[in-house]
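In our numbering, the protein residues as written are 2 to 395. C-beta atoms are modelled at their ideal positions from N, C-alpha and C, and glycine is treated no differently. Beneath this line is the structure, given in structure tokens, with notes to follow.
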Amino acid sequence: MNSFLEKANGIMDEIVAIRRDIHAHPELGHKEVRTSALIREKLETYGVDEIQSLTETSVVAVIKGKKGHGKCIALRTDIDALPVEEETGLPFASETSGVMHACGHDIHTAMMLGNAKLLCEMRDQFAGTVKLIFQHSEDTFPGGSKELIEQGVMNGVDAILGIHVFPTENDKCGVIGFREGPFTTSADEYLFDITGPGGHGSEPHKVPDPILAAAEMIMMFQQVQARAIAPRDTAIFMMNKIQGGKAPNIISDKVTMVGNARAYTAEARKTIEEYVYRIAEGVEKISGCKIDVHETLGYDACFNDPGLVDWIRPVLGEIIGEDRVEAFPDPMGFSEDFSFYSTLTGVPALFMILQAGTMGEVAPLHNAHCSFNEQAMPYGMAAMTGSAIKFLEQ
Ligand SMILES: [Zn+2]
Ligand SMILES: [Zn+2]
2 MNSFLEKANG IMDEIVAIRR DIHAHPELGH KEVRTSALIR EKLETYGVDE
52 IQSLTETSVV AVIKGKKGHG KCIALRTDID ALPVEEETGL PFASETSGVM
102 HACGHDIHTA MMLGNAKLLC EMRDQFAGTV KLIFQHSEDT FPGGSKELIE
152 QGVMNGVDAI LGIHVFPTEN DKCGVIGFRE GPFTTSADEY LFDITGPGGH
202 GSEPHKVPDP ILAAAEMIMM FQQVQARAIA PRDTAIFMMN KIQGGKAPNI
252 ISDKVTMVGN ARAYTAEARK TIEEYVYRIA EGVEKISGCK IDVHETLGYD
302 ACFNDPGLVD WIRPVLGEII GEDRVEAFPD PMGFSEDFSF YSTLTGVPAL
352 FMILQAGTMG EVAPLHNAHC SFNEQAMPYG MAAMTGSAIK FLEQ
């Protein structure tokens, strides 16, 4: 067995205990007080070189290699939980009503503490620095990564790696998958207020009709994908909430609708944004209604650096076995604030998926029944610790 995997397996009892402790005590974004205290305590025990608190509930650890100066690689985990009432029935299930680690960030955090322990033990094997980022509030908007970047967390960092568990059938447990280029979507929201004076249903010629205007806008938005986005690119823009109208014989005075836009490239995302305003202005003119747009720009899309992808494939093959490294043909449909570590700084980044099995029926992330097989953890730790050391050896 490869030495990184052997070492990761050797600390599993401790890491599983930490994982179950964190799982039983989940905390929402920006409220990770107990979790960050636990992280700090463990990092002190393992003897990292530096512990930074750039925001109230995040923790950043610095580990320096004994072979001298060199590059700096960052490894990132998220530490927050979700407002979900756990229904897994596991013996270490959440003890906090209405809060659950339903996105696996408990596993991420425990694995990252494992990385800290292993890297401290293996200091004499590398030059340069490993920065471990325990990021708060990934699942609660606006996301903790931006705050950490503003506080300088990426200063001096040459590359950053992130990994996310994903519930799967157990035969996939411990297999790591990723692809080059776009990997997760951006996620933006557009709210439209369409208003008119309202009127009598028998006099359609006298007042503008917000419901008709809304219908026209919805149909026009569906053409953006077909006519404004390049065929090789893709985007989603769906109006997923609409409210309006009072009675069959009253011309409505207001319609409110909210759309959700997702894209893998900055170009497609920008195109949607442009068309939102063009269509709103156009329909406003034609319909005579007043149309206000309120936009909430969410996370950027994650882009996996091609150079890092080419480099890490054989490295991971050596560390966890070639049969445990999978090339994903398609990007993921969700969004992640890991993207900002690269888009806001230009630092090359790689985000990976650790397929993590299940402890029962496979339930999706963010679901009350979501569970993972802890046997995936040594593969995640070996992959991250091993890649960090091999990156610094280059
Ligand atoms: Zn999540
Ligand atoms: Zn997550």
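Cβ-Cβ distance between residue i and residue j below 8 Å
i	j	result
P332	T185	yes
I252	G299	no
F5	G163	no
D338	S146	yes
L133	M113	yes
H367	C104	yes
F135	I40	yes
V326	E170	no
G1	C290	Residue 1 is absent from the structure shown; the chain starts at 2 and stops at 395.
A94	A160	no
F238	A262	yes
A328	F167	no
Any non-hydrogen atom of ligand 2 closer than 7 Å to residue i Cβ
i	result
C104	yes
D338	no
H165	yes
E282	no
D79	yes
With 16 other Cβ atoms within 10 Å as the buried cut-off, status of residue i
i	result
Q395	exposed
K242	exposed
R228	exposed
F304	buried
N250	exposed
A18	exposed
E96	exposed
M2	Because M2 carries a pLDDT of 47, less than 50, the predicted location of this residue cannot be relied on, and the following value inherits that uncertainty. When all chains shown are included, M2 counts as exposed.
G153	exposed
D324	exposed
F392	buried
F142	exposed
H109	buried
I273	buried
E28	buried
Alpha-carbon spacing of residue i relative to residue j, whole angstroms
i	j	result
G387	A111	17 Å
F193	G30	28 Å
V294	Y191	7 Å
A9	E15	11 Å
A1	I212	Shown here, the chain extends from 2 to 395; a query on residue 1 therefore has no answer.
V131	E148	20 Å
D210	Y278	19 Å
L317	E122	20 Å
L119	T257	54 Å
G79	E139	The identity of residue 79 in the sequence shown is Asp, whereas the question assumes Gly. Each residue's Cα considered, the two are about 6 Å apart.
H102	Y276	38 Å
V284	A231	24 Å
S98	V85	8 Å
F179	H70	30 Å
Short CB-CB distance (under 8 Å) between residue i and chain C
i	result
R233	Absent from the structure: chain C. Only one protein chain is present.
Contact test: residue i Cβ vs ligand 1 heavy atom, cutoff 7 Å
i	result
H367	yes
D140	yes
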